[in-house]
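**Q** One structure, pasted below without further comment.
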Amino acid sequence: MRRWLRPGGLGLTLLALAVSAWAHTGGTTGYASITVSRSTVRYSVTLPILALTPELAETLRQSQAGGAASRNTVLDVIRSHVVLQANGVRCEPGPGEVTATAAAPSFAMFVDFACASTVRELVVQDNVFDVLGTDHHTLAKIEGPGGVQQFAFAPDTRQARFTLGGEATPSRGTGSFVLLGIEHILTGYDHLLFLLGLLLRGGSWLGLAKIVTAFTLAHSVTLALAVLNIVTLPDRLVEAVIALSIAFVAAENIFLNPVASRRWVVSFCFGLVHGFGFSSALRELGLPTHGLVLSLFGFNLGVELGQALVVALALPLLALVRHSGWERRMVWSSSLAILLVGVVLFVERAFF
877 MRRWLRPGGL GLTLLALAVS AWAHTGGTTG YASITVSRST VRYSVTLPIL ALTPELAETL
937 RQSQAGGAAS RNTVLDVIRS HVVLQANGVR CEPGPGEVTA TAAAPSFAMF VDFACASTVR
997 ELVVQDNVFD VLGTDHHTLA KIEGPGGVQQ FAFAPDTRQA RFTLGGEATP SRGTGSFVLL
1057 GIEHILTGYD HLLFLLGLLL RGGSWLGLAK IVTAFTLAHS VTLALAVLNI VTLPDRLVEA
1117 VIALSIAFVA AENIFLNPVA SRRWVVSFCF GLVHGFGFSS ALRELGLPTH GLVLSLFGFN
1177 LGVELGQALV VALALPLLAL VRHSGWERRM VWSSSLAILL VGVVLFVERA FF
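Given below as structure tokens:
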């Protein structure tokens, strides 16, 4: 344990995390619309081409060129891996279509499922992760008699049950968005590196609390504004500034010896931008306002829970370093690793 905590060892550990952040794609997200009309259910989904294997991406290209066999192969992603049950009886997948979208590089497809009777209770089993990988999520809205419901499908939450015909329960599916928020922050290495860069310089417990609180408040505000379409910014600009924020706090640690008591201001200002980054997962879902607010609440709660877990694990380690006698070297080597990934991410996101 002591060897691992030496300045070089911890710096290398953070460098490995930084390289992971550079390589990390953040996963892929599909946006599904499940529309119920009497005994027919249409499952429509928009997917990024990045989510496909190279072989399936080539098959998609052939299907868009008019190949019927290739089109059916792509549609089998739904037909073979999405299972619908209406009133306890399995629905049969039928015809479908694959279309290009204006938001390249992505595509849309739908399959109509025929059920034995008018759908009153619908169970959706989403196994597309077997094809698209465990770093994929599907954010779904279910439209039918009674209103709109929502759910976030993930490798660990593949099945959901929906009651139709009565008034939709507004809170249904909120828990799945809490889990999505937790996973989003725990795999969002750029957000974590920014926060870690702020915490590295230490300071009093009150100062650290201010940093974390400022980041939380700032990204919560802009997350809500962006998801509700009150304020929006181009995704490319947001991602580039997030990368710049990582490089900035790391450079401060190395060259400027920042005043710990004022770092909450930096945390708040850049936290506003990070909130726009968090929002992309929910903006495309197209939920009505009441459903969107609850999904937003669940997602943001998950982000805060995940962030609290990371901070709770990081602070004791940072406190140990602070009393070790080599804090300065550790801060320098770790900040250098974070600076490197910040610069690389900025160049990648701003110019490529």
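Letter by letter, the sequence shown follows residues 877 to 1228 of the working numbering.
Idealized CB from N, CA, C, for every residue including glycine.
Predicted model only: the values in this text are computed from it and were never measured.
1. Return the chain-ordered list of same chain residues with a C-beta closer than 8 angstroms to the C-beta of serine 993, the five sequence neighbours on each side being excluded.
2. Kindly indicate which residue of Phe986, Ala1030, Val1024 has the alpha-carbon position closest to the one of aspartate 1006.
3. Given valine 1149, which residues of its chain have a CB within under 7 angstroms of its CB, disregarding the five upstream and five downstream residues?
4. Please classify threonine 901 as buried or exposed, where buried requires at least 16 other C-beta atoms within 10 Å of its C-beta.
5. Kindly give me the distance between the Cβ atoms of threonine 935 and histidine 1013, rounded to whole angstroms, as I take these residues to be in contact under 8 angstroms.
6. Label proline 969 either buried or exposed according to how many other C-beta atoms from any shown protein chain fall within 10 Å of its C-beta, with 16 as the threshold for buried.
7. Determine whether the beta carbon atoms of tyrosine 907 and valine 921 lie at a separation below 8 angstroms.
8. So for isoleucine 954, helix, strand or coil by DSSP?
9. Smallest Cα separation from threonine 1010: which of Arg1139, Arg1159, Gly903, Leu1215?
10. Quick one: what's got a C-beta closer than 7 angstroms to glutamate 973's C-beta in the same chain, skipping five residues either side?
11. Nearest by alpha-carbon distance to valine 1186: which of Leu1071, Ile1087, Ser1156 is it?
12. Would you mind listing the alpha helix (DSSP H) stretches within the region 1041–1110 that are 4+ residues and don't spill past its ends, in chain order?
13. Going by C-alpha distance, which of Ala1090, Val953, Gly1151 is nearest tryptophan 1140?
14. Within its chain, find whatever has a CB closer than 7 angstroms to the CB of serine 1211; leave out the 5 residues flanking it on each side and keep chain order.
15. From the DSSP output, in three-state form, read off leucine 928 for me.
16. Within 10 angstroms of the Cβ of valine 1223, are there 16 or more other Cβ atoms? Answer buried if so, exposed if not.
17. Tell whether a beta-carbon distance below 8 angstroms holds between isoleucine 1058 and glycine 1151.
18. Residue range of the beta strand (DSSP E) that alanine 984 falls in?
19. Can you check which of these residues, Val1000, Ala1190, Glu931, Thr949, is closest to alanine 1085 by C-alpha distance?
20. Starting from the Cα of valine 953, find the closest Cα among Thr929, Glu1203, Arg1159, Phe1146 and give me that residue.
21. Hey, aspartate 1002 and valine 1054: beta-carbon distance below 8 angstroms or not?
22. Cutting at 7 angstroms between CB atoms, please list the residues of its own chain near valine 1219, excluding the five before and the five after it.
23. Straight-line CA distance for alanine 899 to valine 995?
24. Taking the alpha carbon of glycine 1023 as the point to measure from, which residue in Ala976, Phe1175, Ile910 has its own alpha carbon closest?
25. Which residue's Cα is closest to the Cα of histidine 1095: Ser1143, Pro971, Gln938, Arg937?
26. By how many angstroms is the C-alpha of leucine 1172 removed from the C-alpha of valine 1097?
27. Smallest Cα separation from serine 1156: which of Leu1168, Ala1184, Leu1099, Gly1201?
**A** So, to answer that:
1. Taking the first residue of the sequence shown as 1, we reach residue 993 at position 117. Only Ser915, Ala962, Asn963, Val965 meet the Cβ criterion.
2. The residue given as residue 1006 occupies position 130 in the sequence shown. For the residues Phe986, Ala1030, Val1024, the minimum Cα distance to aspartate 1006 belongs to Ala1030.
3. Along the sequence shown, read from residue 1 onward, the residue named residue 1149 stands at position 273. Answer for valine 1149: Val1114, Val1117, Ile1118, Ser1121, listed in chain order.
4. The residue given as residue 901 occupies position 25 in the sequence shown. The pLDDT assigned to threonine 901 is 43, lower than 50, so where the model puts this residue is not dependable; a value taken from the coordinates is nonetheless given after this. Exposed.
5. Numbered from 1 along the sequence shown, position 59 holds the residue referred to as residue 935. Numbered from 1 along the sequence shown, position 137 holds the residue referred to as residue 1013. Actually they do not touch by this definition, with Cβ atoms about 23 angstroms apart.
6. To locate residue 969, count along the sequence shown from 1; it is residue 93. Buried, since its Cβ has 16 or more Cβ neighbours within 10 Å.
7. One-based indexing of the sequence shown puts residue 907 at position 31. One-based indexing of the sequence shown puts residue 921 at position 45. Result yes, Cβ atoms of tyrosine 907 and valine 921 sit closer than 8 angstroms.
8. In the sequence shown, the residue the question calls residue 954 occupies position 78. Note: isoleucine 954 maps to helix in three-state DSSP.
9. The residue given as residue 1010 occupies position 134 in the sequence shown. Nearest of Arg1139, Arg1159, Gly903, Leu1215 to threonine 1010, Cα basis: Gly903.
10. The residue labelled residue 973 in the question sits at position 97 within the sequence shown. Cβ neighbours of glutamate 973 beyond the five flanking positions: Met985, Phe986.
11. One-based indexing of the sequence shown puts residue 1186 at position 310. Checking every option, the nearest Cα to that of valine 1186 belongs to Leu1071.
12. 1050–1063, 1065–1075, 1081–1103
13. Numbered from 1 along the sequence shown, position 264 holds the residue referred to as residue 1140. Checked all of Ala1090, Val953, Gly1151; the closest Cα to tryptophan 1140 is Ala1090.
14. As a first step, residue 1211 must be located in the sequence shown, where it is residue number 335. Excluding residues within five positions, the ones whose Cβ falls inside 7 angstroms are Gly1073, Leu1076, Ala1126, Asn1129, Ile1130.
15. Looking up residue 928 in the sequence shown gives position 52. Of the three classes helix, strand and coil, the one that applies to leucine 928 here is coil, per DSSP.
16. Here residue 1223 is taken as the residue at index 347 of the sequence shown, counted from 1. Flag for valine 1223 reads exposed.
17. Residue mapping note: residue 1058 aligns to position 182 of the sequence shown, counting from 1. Residue mapping note: residue 1151 aligns to position 275 of the sequence shown, counting from 1. The beta carbons of isoleucine 1058 and glycine 1151 sit no closer together than 8 angstroms.
18. Position 108 of the sequence shown holds residue 984. Note, alanine 984: beta strand (DSSP E), 982–990.
19. As a position in the sequence shown, residue 1085 is number 209, starting the count at 1. Nearest of Val1000, Ala1190, Glu931, Thr949 to alanine 1085, Cα basis: Ala1190.
20. Position 77 of the sequence shown holds residue 953. From the listed residues Thr929, Glu1203, Arg1159, Phe1146, the smallest Cα separation to valine 953 is found for Thr929.
21. Here the question's residue 1002 lines up with position 126 in the sequence shown. Here the question's residue 1054 lines up with position 178 in the sequence shown. Going by C-beta atoms, aspartate 1002 is not nearer than 8 angstroms to valine 1054.
22. Within the sequence shown, numbered from 1, the residue matching residue 1219 stands at position 343. Excluding positions up to five away in sequence, the list reads Ala1123.
23. For the purposes of this step, residue 899 is identified with residue 23 of the sequence shown, where counting begins at 1. For the purposes of this step, residue 995 is identified with residue 119 of the sequence shown, where counting begins at 1. For alanine 899, the pLDDT reaches just 39, beneath the cut-off of 50, and the residue's location in the model is therefore unreliable, although a value from the coordinates is still provided. The straight-line gap separating the alpha-carbon atoms of alanine 899 and valine 995 is approximately 44 angstroms.
24. For the purposes of this step, residue 1023 is identified with residue 147 of the sequence shown, where counting begins at 1. Nearest option by C-alpha distance: Ile910.
25. Taking the first residue of the sequence shown as position 1, residue 1095 is located at position 219. Minimum Cα distance to histidine 1095 is reached at Ser1143.
26. Residue 1097 sits at position 221 when you count from the first residue of the sequence shown. Residue 1172 sits at position 296 when you count from the first residue of the sequence shown. For valine 1097 and leucine 1172, the distance between alpha carbons rounds to 11 angstroms.
27. Here residue 1156 refers to the residue found at position 280 of the sequence shown. Checking every option, the nearest Cα to that of serine 1156 belongs to Leu1099.
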